[in-house]
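K.L.:
Per the working numbering, the very first residue in the sequence shown carries number 43; after that it's consecutive.
All C-beta atoms in this analysis are idealised placements derived from N, C-alpha and C, irrespective of residue type, glycine included.
Note that this is a predicted model, so its numbers are computed, not measured.
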Amino acid sequence: MSDVEWVDEEAGPVVRPYALTGGRTRPSTTSFELLSMVVATGAAISPRAHLGSEHRRLLGLVSKARPIVEVASEAGLPLGVVKVLLGDLLDHGLILVRQPIPAATSPAQSLLLEVINGIRAL
Numbered sequence: 043m044s045d046v047e048w049v050d051e052e053a054g055p056v057v058r059p060y061a062l063t064g065g066r067t068r069p070s071t072t073s074f075e076l077l078s079m080v081v082a083t084g085a086a087i088s089p090r091a092h093l094g095s096e097h098r099r100l101l102g103l104v105s106k107a108r109p110i111v112e113v114a115s116e117a118g119l120p121l122g123v124v125k126v127l128l129g130d131l132l133d134h135g136l137i138l139v140r141q142p143i144p145a146a147t148s149p150a151q152s153l154l155l156e157v158i159n160g161i162r163a164l
């Protein structure tokens, strides 16, 4: 077998996703959906909370409310990993999660068309 270099020097350190989650593949809660909104509570991190650098980085990314899918994209991590890490943050009371608004409660298409037509008339 030849010596094949899988990453170049610019790629930086490579950490497997399961190493970030301690081997866990599921979050501690099932309340996470792709469009669930996540925001940091601003609570102090307990000294007993064993949070890694990725947990802290995610906390910085959710200083303003953002959908989970956007957080995963910004962090450059797989969605499953982000859900596990966010589950840890939720367990420690460091984030709040709001479920997406169901489609049935969104405005009717006719109302949206009226608004668009009204804007065009301006």
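Assuming Val113 contacts Val139 under a Cβ cut-off of 8 angstroms, what Cβ separation, rounded to an integer in Å, is found between them?
P.N.:
Reading the sequence shown from its first residue, position 71 is the one you call residue 113. Reading the sequence shown from its first residue, position 97 is the one you call residue 139. Actually they are not in contact, since the Cβ atoms of Val113 and Val139 sit about 11 angstroms apart, beyond 8 angstroms.
K.L.:
Which residues does DSSP list as the beta-bridge partners of Ala82?
P.N.:
Numbered from its first residue, the sequence shown carries residue 82 at position 40. Ala82 is bridged to Ile137.
K.L.:
Which residues in the same chain have their Cβ closer than 7 angstroms to the Cβ of Ile137, if we skip the five residues on either side of it in sequence?
P.N.:
By 1-based counting over the sequence shown, the position of residue 137 is 95. Here the set comprises Val80, Val81, Ala82, Thr83, Val104, Leu128 and Leu131.
K.L.:
Among Pro144, Asp133, Ile161 and Gly118, which one has its Cα closest to the Cα of Arg90?
P.N.:
Position 48 of the sequence shown holds residue 90. When each option's Cα is compared against that of Arg90, the closest is Asp133.
K.L.:
Can you tell which of Arg98, Ile110 and Ala85 has the C-alpha that lies nearest to the C-alpha of Ser78?
P.N.:
Along the sequence shown, read from residue 1 onward, the residue named residue 78 stands at position 36. Answer by Cα proximity: Ile110.
K.L.:
Measuring only the C-alpha atoms, how far is Pro120 from Leu62?
P.N.:
Reading the sequence shown from its first residue, position 78 is the one you call residue 120. Reading the sequence shown from its first residue, position 20 is the one you call residue 62. Those two C-alpha atoms are separated by around 11 angstroms.
K.L.:
Is DSSP giving Arg162 helix, strand or coil here?
P.N.:
In the sequence shown, residue 162 corresponds to position 120, counting from 1. Three-state DSSP puts Arg162 in a helix.
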